[in-house]
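Heads up, the thing below is written out as C-alpha cells.
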Amino acid sequence: MANPAKIFETIGRRTVAGLDEMGYAAAIFFEAIYWTLAGWRYRQPVRVTATFAAMMQFGVAALPIATLLAATIGLMLAIQSLYSLGLFGAEHYAYIGIALSVVREFSPMIMGILIAGRSGSAIAAKLATMSINQEVDALQVMGINPVRFLVSPVLIALVLMMPCLAMWANLVSILAAGLYVSAELNQSFGAYLNDTIEVLKTGDVWHGLGKATLFGIIIALVGVINGSMVQGGAEGVGKVTTRSVVISITLIVVADMIFAYMTTQ
Amino acid sequence: MTNQTLTAEAVNQANRPSAEDIAARRKVIEVDHLDWSFGPRQVLFDINLDVREGEIMVIMGGSGSGKTTLLRHLVGLMPPLPGKIKLLGKDMGALSRMQLLDLKRRIGVAFQFGALFSSMSVSENVKLPLRELTDLEERTMDIMANMKLEVCNLSGFGHLMPSDLSGGMMKRASIARAIVMDPKLIFLDEPSSGLDPVVSSALDDLILKLRDAMDISVVVVSHDVESAYKIADRITILDKGQILISDRVDAVRNSANERVQNLLHRRSEQAEIDPTEYLRRLAGD
Numbered sequence: 001m002a003n004p005a006k007i008f009e010t011i012g013r014r015t016v017a018g019l020d021e022m023g024y025a026a027a028i029f030f031e032a033i034y035w036t037l038a039g040w041r042y043r044q045p046v047r048v049t050a051t052f053a054a055m056m057q058f059g060v061a062a063l064p065i066a067t068l069l070a071a072t073i074g075l076m077l078a079i080q081s082l083y084s085l086g087l088f089g090a091e092h093y094a095y096i097g098i099a100l101s102v103v104r105e106f107s108p109m110i111m112g113i114l115i116a117g118r119s120g121s122a123i124a125a126k127l128a129t130m131s132i133n134q135e136v137d138a139l140q141v142m143g144i145n146p147v148r149f150l151v152s153p154v155l156i157a158l159v160l161m162m163p164c165l166a167m168w169a170n171l172v173s174i175l176a177a178g179l180y181v182s183a184e185l186n187q188s189f190g191a192y193l194n195d196t197i198e199v200l201k202t203g204d205v206w207h208g209l210g211k212a213t214l215f216g217i218i219i220a221l222v223g224v225i226n227g228s229m230v231q232g233g234a235e236g237v238g239k240v241t242t243r244s245v246v247i248s249i250t251l252i253v254v255a256d257m258i259f260a261y262m263t264t265q
Numbered sequence: 001m002t003n004q005t006l007t008a009e010a011v012n013q014a015n016r017p018s019a020e021d022i023a024a025r026r027k028v029i030e031v032d033h034l035d036w037s038f039g040p041r042q043v044l045f046d047i048n049l050d051v052r053e054g055e056i057m058v059i060m061g062g063s064g065s066g067k068t069t070l071l072r073h074l075v076g077l078m079p080p081l082p083g084k085i086k087l088l089g090k091d092m093g094a095l096s097r098m099q100l101l102d103l104k105r106r107i108g109v110a111f112q113f114g115a116l117f118s119s120m121s122v123s124e125n126v127k128l129p130l131r132e133l134t135d136l137e138e139r140t141m142d143i144m145a146n147m148k149l150e151v152c153n154l155s156g157f158g159h160l161m162p163s164d165l166s167g168g169m170m171k172r173a174s175i176a177r178a179i180v181m182d183p184k185l186i187f188l189d190e191p192s193s194g195l196d197p198v199v200s201s202a203l204d205d206l207i208l209k210l211r212d213a214m215d216i217s218v219v220v221v222s223h224d225v226e227s228a229y230k231i232a233d234r235i236t237i238l239d240k241g242q243i244l245i246s247d248r249v250d251a252v253r254n255s256a257n258e259r260v261q262n263l264l265h266r267r268s269e270q271a272e273i274d275p276t277e278y279l280r281r282l283a284g285d
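Chains as they are written, first to last, in our numbering: chain C, 1 to 265; chain V, 1 to 285.
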C-alpha cells in the first residue's frame, strides 16, 4: 500500500518543480521581449532573416496540412450541424453555429494543436540537441545571447504566424462548410456567405485571433523550456520532445477554456 | 613517434620564454580564492591561478578533479562566486551585461567535441561570431573566415557540414571559430582527446603556431601528458578540486609530490581499504 507521506511528498515536489518551470518560462519570455526591443543597444539585434526563416518554417510550410485540417473541420461541423439542427427543422440556421464555432473556437484551437505537434516538437528537439552538443554554451562564450539568437525569432514568428494560420483556417473552414451546406440545402453559395458575414462580428474574429496569439506564445515557451532542460543523450531529446507536445496541447486546451470564460463574462 | 614528439618538445622547449620573461608580462587571467560546490559536494577548493600574456598554460587532472568546472568558470559559463576571476584585467563579477559581452568578444573557446552548429557549414560556423557581433560586409567576413580556416589547415573544407568532418578536423574547425575574432586569449577543452597520436601531435603544433603567430595566451584543459610537455609553458595540476602544483614544465616533471607523479605516470593511487567498512558501505549501512 502506498505511503501517504510519500504521496504528499511527490505532489509537493512536482508542484514546486512546476512553479519553478513557470518562473523560468516567464523569465525567458520577458528576456526574449527585452532582446527584441533592446538588442540593438548591445549591437545584437534580433535577426530579421532568422525571424523570416522561422515564419516560413512554422507558418508557410504548415499551410498544406493546415488547409486540409481546416477544410475537414469545416465539413465535419457542417455535417453535424445539419444533422442536429435538422432534428428541430432548423437546418437553415446552421451557418450561425458554423461561423461562430469556427472563428471563435475551432480555427485557433486546431491550428494550436497542429503547430504544437509540428513546430513545438521541432523547437524542443532543436534546442535539446543544441544543449547536448554544447552549442548553447558556445553561443554564450562567444558573447551571443542565446535567448536573442534562438528564442526571440521563434517567439516573434509564432506570435505573428499563429493568427495568420487561424485566419486562413477561418476562411477555408467556412468555405468548405459553405460548399456542403449550400449543396445539401439547395441554397446558393453566395447567400450562405452573406449570412455568415452578417452573423460574424469583428469581436468574434478578434477573439479567435487573440487566442491564436496566446497559443503561439505557449507553444514557443513550452518548446524552449523543455528543450533547454534536456538531460541525457538521444533518449533525453526524445523525452523532452514528447513532453513538450503533451504540455503544449494541455496548456492550449486549458488556456482556451480560461480565455473563453474571461472574454465572455 | 616518441622520437618525433621528443624532437618537437625539444624545439618548443628551446623557444619557451624564460621564467623571468613570463613573470614580467601582464596577467591575462587572475583567479583568486575560487570555491565551487554542486549542492553539498564541493568540487573546487580555494583556487588561485594566474596566466600571463603569450603563455600556454595546460590545466591537467584526472576525471572529476574539477578541471572542466574551473574552465567553465574561466569562460564565464559559471559565476565566479565566491572568489574573483579577472580576464584581461577585468573583474568578471563586477562587469555590466554590456561590458561582459565586450569581454567575451576578446576571448575564444574551443569545446571538447567542437560544439559546431550542425545546421551550418564549417565556413558559416567560423563566420558566426563575425556575423552576429560585427557589422562587417559579407566579403570581408568570407576573407577573415578563409584566413582562419587556412591557419587551421582547413582550407577548401569550408563548404562541408560538421557531420562530414573527422574528429581532428572538427577540433580544428572549432579552433578556427575560436580565433576568428582575433582574441587575446583562447581556451581549448581537451583538444587531443579521441584523436590518434599523429593528429594529436599536429594539433599541438597548431596551438604552438597560433601562440607564436598571433601572440595570444592559451589555456588548455587536457589529460594528455605528452601533449602538455610539448606545448605548455606552465602546467597546473588539479586533484580533488585543489591545485597540487602550478609551475613550469620541468618543475612539474621533477616534482617530489607523489600524487603529481602518479598522475603524470598514470599510476592509480593505492588506497587502504578496510574490507568490513567496504562491505558496510556497499550495503548502505
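Heads up, the beta-carbon is just placed ideally off N, CA and C, and yes, glycines get one too.
From a predicted model like this one, the values you see are computed outputs, not experimental measurements.
The continuous alpha helix (DSSP H) containing K239 of chain C extends over residues A234 to T264.
DSSP places H207 of chain C inside the alpha helix (DSSP H), whose first and last residues are T202 to S228. In the three-state DSSP reduction, K184 of chain V falls in the coil class, being neither helix nor strand. With respect to the 9 Å criterion, K104 of chain V and G210 of chain C are not classified as neighbours on the basis of their beta carbons. Annotation for D204 of chain V: the continuous alpha helix (DSSP H) segment containing it runs P197 to M214. A direct Cα-to-Cα measurement between S37 of chain V and L44 of chain V gives close to 7 Å. Among the residues of chain V, those whose CB is under 7 Å from the CB of V141 of chain C are V75, G76, L77, K104 and V109, following chain order. Across the structure, I237 of chain V and R72 of chain V are spaced so that their CA atoms are roughly 17 Å apart.
Contact annotation: the segment 134–145 of chain V does not touch the segment 164–176 of chain C, with fewer than three C-beta pairs closer than 8 Å. Counting C-beta pairs with one atom in each stretch, the segment 105–112 of chain C and the segment 249–265 of chain C have three or more that are closer than 8 Å, which means they touch. Inclusion of I235 of chain V and S246 of chain V in the CB contact set at 9 Å is warranted, their separation being smaller than that value.
Here G61 of chain V is bridged, per DSSP, to V:L238. Taking the C-beta atoms as reference points, S123 of chain V is found nearer than 9 Å to G158 of chain V. Comparing C-alpha distances from P191 of chain V to each of V:Q112, V:E258 and V:R16 shows the shortest one belongs to V:Q112. Those residues of the segment 107–135 of chain C placed with their C-beta closer than 7 Å to a C-beta in chain V are N133, Q134 and E135, ordered along the chain. When DSSP states are grouped into helix, strand and coil, G23 of chain C belongs to the helix group.
Neighbourhood of F113 of chain V in chain C, by CB distance below 8 Å: N133 and Q134, in chain order. A Cβ-Cβ distance of about 44 Å is found for the pair I123 of chain C and A191 of chain C, leaving them out of contact under the 8 Å criterion. Around the beta-carbon of H265 of chain V, fewer than 16 other beta-carbon atoms lie within 10 Å, marking it exposed.
Of all residues in the segment 15–42 of chain C, only R41 and Y42 place a beta-carbon less than 9 Å from a beta-carbon of chain V.
The three-state reading of DSSP puts F106 of chain C in helix, counting H, G and I together. Judged by DSSP secondary structure, Q42 of chain V falls within the beta strand (DSSP E) whose first and last residues are R41 to R52. Between the C-alpha atoms of L165 of chain V and D32 of chain V there is a straight-line separation of about 39 Å. If you look at E55 of chain V, you'll find it isn't in any beta strand (DSSP E); DSSP assigns it neither H nor E.
Any Cβ of chain V closer than 9 Å to the Cβ of I144 of chain C would place that residue at the interface, and such an atom is present. Identification of residues in the segment 39–71 of chain V having a C-beta nearer than 9 Å to some C-beta of chain C yields an empty set. Distance from the Cα of M56 of chain C is smallest, within the candidate group C:A234, C:L160, C:V230 and C:A26, for C:L160. Taken atom to atom, the span from the alpha-carbon of N254 of chain V to that of D212 of chain V is near 27 Å. Nearest to L74 of chain V by C-alpha distance, out of V:P17, V:G93 and V:D205, is V:G93.
Contact check for A71 of chain C and S188 of chain C: beta-carbon distance about 20 Å, past the 8 Å limit, so the pair fails to qualify. With distances taken between CA atoms, P197 of chain V lies nearest to V:E226 out of V:V180, V:D46 and V:E226.
In this structure, C:L171 is the residue among C:S84, C:G238, C:L171 and C:G236 with its C-alpha nearest to the C-alpha of L69 of chain C. For the options C:V240, C:P146, C:E9 and C:Q134, the alpha carbon positioned closest to that of R47 of chain C is the one of C:P146. Under the Cβ criterion of 9 Å, M98 of chain V is counted among the residues facing chain C.
Residue contact with chain C for S163 of chain V: absent (no Cβ-Cβ distance below 9 Å to any residue of chain C).
C-alpha of M76 of chain C to C-alpha of T15 of chain C: approximately 39 Å in a straight line.
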